[in-house]
Each structure stands twice: as structure tokens, then as C-alpha cells.
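**Q** So the protein lines, in turn, are chains A and B.
Residues 523 to 972 (this note's numbering) make up the first sequence, in order.
Residues -4 to 190 (this note's numbering) make up the second sequence, in order.
Handing you a structure now.
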Amino acid sequence: MKAEPLLHATGHFLPKDLSDHQVSRQVFGPLQQFPRRVAWRWMFGVGLVLLLVYLGSVAVLLGNGVGMWGNNQPVHWGFGILNYIWWLGIGHAGTFISALLLLIERPWRHTLNRLAELMTLMAVICAALYPILHLGRPWLFYWTMPYPNEMGLWPQFKSPTAWDMFAILSYLTVSVLFLMVGAIPDFATARDRASTPLRQAVYGLLALGWRGSQRHWALWRRTTRVLAILAIPLVFAVSSGYSFLLTMGTQSGWHSTLFPAYFVAGAVALVALLAIVVRWLLCIQSLITPRHLDMLGRLLLATGWMTTYGYLADLFMPFYSGDAHEIEVLLARISGAHAWSFWLAIVCNVGVLQALWWRNVRQSPPRLALVALAVLMGMCAERFMLLIPPQMRDLLVSSWGDYTPSLWDWTLFIGSFGVFLVPYSLFLRYVPMVSVFEVKQALHQERGDG
Amino acid sequence: MHWLRIDHYYQGPLEAPRSRFQSLPCMHCEQAPCETGCPVNATVHSRDGLNQMVYNRCIGTRTCASYCPYKVRRFNWLDWSADAAPSIQAQRNPEVTVRSRGVMEKCTYCIQRISNARTDDKQHGDDFDPSAVVTACQQTCPSQAIQFGDINAPASAVSLARRDPRHYRLLEALGTRPRTSYLARIEEEGAGDEG
């Protein structure tokens, strides 16, 4: 990577002499003339195929029932819940990158937040579809919501499944708001630069009549901060919600207070991967610099160590409790029929991750991408090892059983990447992927003329 | 669908194991984990303490089954009765609702028989007498190992049996307070369990 001259010691990691015009051209240029059209078509095409696979799997599922999946006695929760937790974990990272770094005022965030927020939105949608498809009668999912009905029935508020509904809906709402409000000034610029009436109209609607007055800016600043403050506790509300789904039961191996933190940590991987893909596709290497990748690598390493702490604590707690069944479940995790999932999680999330101690791994896009891919796979294995083996080792030996995901489990999971990729590819073409005005502001502040 | 599961256990050396079994209907726990799990109130306590399953309210999250430590709940993963003519469906389920695809089911303590007995008593102007109810498993058990009755009535057969020193509850340490409970079997060589 011949990007050494770009490694600047500025707070925003951007070249000092980067002009406003260059920033605008690099970000708004692709909306008119996309630089890597062929690559984009491939991405979109693959996304479409995967989306078709997803729709096909959903049709098979709805046509026949959840029996098409590998779930059975005693493993009632299989790939459906696993993938739900996996996608949500991915979503959390985006919120953290954009909301937390906004509140602690890290100027380097401005080139990453838009792509991370879009990722969160799509990941939450991919995740939110799972609990619905997972139902025996998915068309009745709205019964978990409090709505006026002639039977006078409410949801059962003691159930974590009902909390999930609230958590996901709030998370989705706040994610959309945070993204849309955050992008208003950029949509306004896109509106002003639009070459066709249709684009003018669409960007104009999205910009909500933004004129850039002092009052607009003051309100905008306040709103984004409030939304950021809302978003961060929401991440923990959501992750605690689905952790409670596990802990509220009688199942050994699920009673861990670490789960909420566990599921949040280590999900920076997809942000790193997307940052690498997006900077290449849009040719914005001077905006998302190796220093940015370096920082994402460090974040990945730090959160990875939090996950490692979780693994260690999970290994220690059953023995500390002395509960025979807890120990039994732990042994099933690390040496049972699906021990591969535990060791794969260790190899990917602990082993491979250590490569990030080296700067030339963090700053090299292909190497960082490989580590990020390994972590994504490791996170999947982690969810499997947390969810499946405890169900296979029930309290009564007579209920012990096995679990194998079916073909339709796999197609739905693989297809869900289409649900992510298709809209994401469209965003790449039609949404300014970098928060231009914030980058410019950071540049000005750094130079002392802002 | 097993509403009454027979668990099989072996004891002793592999060459000549002694065979044991235990029948497991729904435990109808007082502190039922399944009831806290259901987001739509499809599994609830009745006034007489039954753990009821409301099929037409169930949306199939399977949280109840995941939370059940006895794993006595069974799920309709697919539509098992679609191929059968309505008359055959009714024949197989003469007194209970035909369960659709995607709902949970389990032992109900033969709620239809309890309701019938209650209605009969009401029609004759009598107070409801639970001891007159005979559940299907109780009826078919040749060794009369299953008893059903009102544990609130101190003189009922089940209450007497529950005062027996051999009485125990399955997975009692979990604190679910199951209504179904067992009498331990006493043998010359040692104690074995029997439902």
C-alpha cells in the first residue's frame, strides 16, 4: 500500500492540505458518475441473487412451516435465533462508531459514520426479520405488540420475547432517525448539485427544506446529540433484551450476566470490512485513510479482548458455581458434538485477532479485511456455541438430543446477505457515503480557520 | 405427539442392565417457567391451577418449550393433519381442538374431562367433585400407577399420596413447584424411581 504520505498526525487523520472542493468532489462525484461501475454491478448482482435465495427460502418456510428448519426436540431455537443475535451484534458496532465517537468528539469519525449507520440500519432489518420468520405462525407477529383489539388482550410483559419487540422497534426507529437527521445537510448539498428534476425532488424531500441557516444548524446539532445519547443506551437495552431471552429460562449455560456485553463487543469487524470495500469502490482512499483502518483495527482488537474475557469468565463460572449441570453443559461446549463451534470461535476471535497487534496488518486493507472476515465467522461460531450445546444437554438426560441445521437454515442465512447487500449497493450509488460537512468542519478547525 | 413421554433409564452393568422408566406428562408447575416466557399469554394458569395452553392464541415463539426444564411441550413444526379429511381429524381428536401448524401443545390434564365433569355436576345441581375425574392416562394405566385429584382437598387420594414419605418432585431444586409428582419405588436391592 503506497499510502504512507497520507498518514497524518491530525485529529481527523486527513491530509492537511485537503481542500473543501476535493472533499465534495470525491463524495458527491459518485452520485453522478460512479467510479467503479463494473465492480458495483458485480456487488449488486451477487446481492440480487442472494436476495432471490432469501425470498425463495422464505416462501418455502411460509408455505410449509418451521419444520423446514433443523430445529426439533430438544433444540427449539436454532439458526433462526443464532442469526438474529449475529446480525444484531453487527448492528451495534455501527451505532457505537457513530454515536459514541460523536459524543466524545473524535473528528476521525466523520468519514466512517455514514457507512456505519447505513450498515446498522440494514443489519437491524436483517435481524428483525428473523424473529418474525422464526414464529410458528409468522403472520400473527403483531400479537406481541400492545394494540387495541376486541378481545382486550395485551402482550405478556414479563416475557423477554415481548421486550424484544419493543427493543428492536425502538432501535430501528432511532437508527433511522439518527441516519436521516445526520445526513440532512448532505442531502441538501446533493439536492443543490442534482442534475435531474427527479433527483432534485428526492434529495429535496430527504433534505426536509434545509437552508443552512444558523437556526437550522443549532437545531440540527442539538437533535443529533440527543439522538446519539438515546442510541447508546438503546444498544444495551437491545442486547440485554435478547440476552434475557436466554437467561430467563431454566437452561444451564445461559445464565450469564456477561451476555449483553458479549454480544456488543467484537462486532466492529463488519465496519472495518465495509470501510475497506467502500473506500475502494468510491475511490475515497484519501478520505478513509490507513489511519482510519488502523483505528478500526485497534477497536477490533480491544473489543476482541473484551470477548476473550467473556470466554474466560464463561469457562470459569461453571466450576466456581460447582453446579454439576453447569459443568456438564460447559464440557459439552468445549468437547461435545459441536465443540468445533467453540474452538472455531476461539481461533477466529482470539487467535487470528492477535494479528492486529501489528500496524502493517491494521493498515493494510487486504490483511485487515481477512482478519475482519475471520472475526465475522468467529462471531457466528460463538453464537452457535452459546446457543446450541446447552439445549442439547438438557436437565433430564432423557431429553438430550442433537441439532443439525437443514438446507433451508443455510439458504435463509446466506440469503440474508442479499437483504443487506442490495439496499447497501443502492445506498453507495445514491447516498453521500461520507459526512461531507462534518469532514470540512473538522478540516477547518484543524487549520484554525473554521 | 407425546403428551405423556415415557423416559427410559438403565441401571447397573452394561451386560445386564436393569431397565427403569418414568412417565412424564406436563408437570403443571405452580411457578411455571413457560408462562413467563410466552409474549402473548398463550400459556396461562387456570383458576384451579392448571397450566393451560391456548392454541388459538399461540404464535409459536417456542420460548415456553425452551424454558421448560422437563421438555414436555411438543411443537407442530409442520401441518400434521392437513392430509386427513375433516372427519378423520375429528375422529383422532374427538374432544379436543385440532392443533394447527405452528402452535405448541402439551398434556392438559385432560381438561375436556374436567370440564365435562364440572358441567355434569352443575346440571345436577351438585358441587364440583374433582375426584370423579379420570384422566386418559389414568384410565389406560393397567397397574393403576397414576392418580388424579384435588391437592387442595386434604382427604383426596392424591393429597394422601403426597404425604407419603416416598413422595418426591422432579427437579425440585429449580423451584418450579410441579403439581405432577412421584412416589419413589422401594426395592430389596435398593431404591428405584417409578412414576
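C-beta atoms are modelled at their ideal positions from N, C-alpha and C, and glycine is treated no differently.
In whole angstroms, what separates the C-alpha of T825 of chain A from that of A787 of chain A?
**A** About 5 Å.
**Q** Alpha carbon to alpha carbon, what distance is there between S151 of chain B and G185 of chain B?
**A** Unreliable placement is indicated for G185 of chain B, whose pLDDT of 45 sits below 50; no coordinate value is reported for it.
**Q** With C-beta atoms as the reference, is M687 of chain A less than 8 Å away from T31 of chain B?
**A** No.
**Q** Establish whether the CB of C102 of chain B and some CB of chain A are separated by less than 8 Å.
**A** Chain A contact via Cβ: absent.
**Q** Do A27 of chain B and N46 of chain B count as a contact pair if the criterion is CB distance below 8 Å?
**A** A contact, by the Cβ cut-off of 8 Å.
**Q** Cβ atoms of W(-2) of chain B and G587 of chain A: under 8 Å apart, would you say?
**A** No, Cβ-Cβ distance for G587 of chain A and W(-2) of chain B is not below 8 Å.
**Q** Would you check if there are 3 or more beta carbon pairs closer than 8 Å linking the segment 607 to 625 of chain A to the segment 634 to 647 of chain A?
**A** The segment 607 to 625 of chain A is in contact with the segment 634 to 647 of chain A.
**Q** Just to make sure I have the definition right: I need the residues of chain B whose C-beta is within less than 9 Å of the C-beta of T933 of chain A. Which are they?
**A** Residues of chain B passing the Cβ test: none, with the nearest at roughly 18 Å.
**Q** Could you give the residue range of the beta strand (DSSP E) that holds F16 of chain B?
**A** Its beta strand (DSSP E) spans residues 13 to 19.
**Q** Is A689 of chain A near the ligand COA, going by C-beta to nearest heavy atom under 7 Å?
**A** Looking at this structure, you won't find the ligand COA or any other ligand, since it has none at all.
**Q** Is it right to say Q773 of chain A is buried, meaning 16 or more other beta carbons lie within 10 angstroms of its own, or is it exposed?
**A** Looking at its Cβ environment, which holds 16 or more other Cβ atoms inside 10 Å, Q773 of chain A is buried.
**Q** By Cβ distance, which residues of its chain are closer than 6 Å to L780 of chain A, with the 5 residues on each side in sequence left out?
**A** These residues qualify, in order along the chain: G832, A835.
**Q** Specify, as a first and last residue, the run of the alpha helix (DSSP H) that R180 of chain B falls within.
**A** Counting along the chain, R180 of chain B falls outside any alpha helix (DSSP H), though it belongs to the beta strand (DSSP E) covering 177 to 181.
**Q** Mind listing the chain A neighbours of T31 of chain B? Cutoff is C-beta to C-beta under 7 Å, in chain order.
**A** Chain A residues near T31 of chain B: K680, S681, M770.
**Q** Using a Cβ-Cβ distance under 8 Å, would Y177 of chain B count as near chain A?
**A** Taking Cβ atoms only, chain A never reaches closer than 8 Å to Y177 of chain B, which makes this a no.
**Q** Using beta carbons (cut-off 8 Å, strictly below), is D74 of chain B in contact with chain A?
**A** It does: the Cβ of D74 of chain B has a partner Cβ on chain A nearer than 8 Å.
**Q** Starting from R57 of chain B, find everything on chain A with Cβ-Cβ shorter than 9 Å and list it in chain order.
**A** What R57 of chain B touches in chain A: V588, N593, H598, W599, H656, L657, G658.
**Q** For a minimum of 4 consecutive residues, which ranges assigned as the alpha helix (DSSP H) are wholly contained in the segment 80 to 136 of chain B?
**A** Here the runs fully enclosed are 81 to 87, 106 to 118, 131 to 135.
**Q** Tell me which residues of the segment 664 to 677 of chain A have at least one Cβ-Cβ distance to chain B shorter than 8 Å, keeping chain order.
**A** Taking 8 Å as the Cβ-Cβ cut-off against chain B, the residues of the segment 664 to 677 of chain A that qualify are W665, T666, L675, W676, P677.
**Q** Can you look up I54 of chain B in the DSSP assignment and give me helix, strand or coil?
**A** I54 of chain B falls in the coil class under three-state DSSP.
**Q** Identify every run of the alpha helix (DSSP H) within the segment 871 to 932 of chain A, keeping only runs that are complete inside it and at least 4 residues long; order them along the chain.
**A** Correct list: 881 to 884, 887 to 914.
**Q** So, are the CB atoms of F766 of chain A and P682 of chain A less than 8 Å apart?
**A** Their beta carbons are under 8 Å apart, which means F766 of chain A touches P682 of chain A by this criterion.
**Q** Is the shortest distance between the beta-carbon of K524 of chain A and the beta-carbons of chain B less than 8 Å?
**A** Low per-residue confidence applies at K524 of chain A: pLDDT is 43, beneath 50, and the placement is therefore not dependable, though the value from the model is reported in the following sentence. With 8 Å as the cut-off, K524 of chain A does not count as an interface residue toward chain B.
**Q** Using alpha carbons as the reference points, say which of A:A783, A:S778, A:L908, A:L803 lies closest to P755 of chain A.
**A** Here the closest residue by C-alpha is A:A783.
**Q** Using 8 Å as the cut-off, can you tell me whether the segment 548 to 564 of chain A makes contact with the segment 900 to 919 of chain A, which would need three or more C-beta pairs spanning the two stretches below that distance?
**A** The segment 548 to 564 of chain A is not in contact with the segment 900 to 919 of chain A.
**Q** On the three-state DSSP scale, how would you describe Y725 of chain A?
**A** Y725 of chain A falls in the helix class under three-state DSSP.
**Q** Around the C-beta of H3 of chain B, are 16 or more other C-beta atoms found within 10 angstroms, so that it is buried, or is it exposed?
**A** H3 of chain B comes out exposed.
**Q** What ranges does the alpha helix (DSSP H) occupy inside the segment 552 to 631 of chain A, keeping only unbroken runs of at least 4 residues that lie completely in it?
**A** As far as the segment 552 to 631 of chain A is concerned, its whole alpha helix (DSSP H) runs of at least 4 residues are 559 to 586, 601 to 617.
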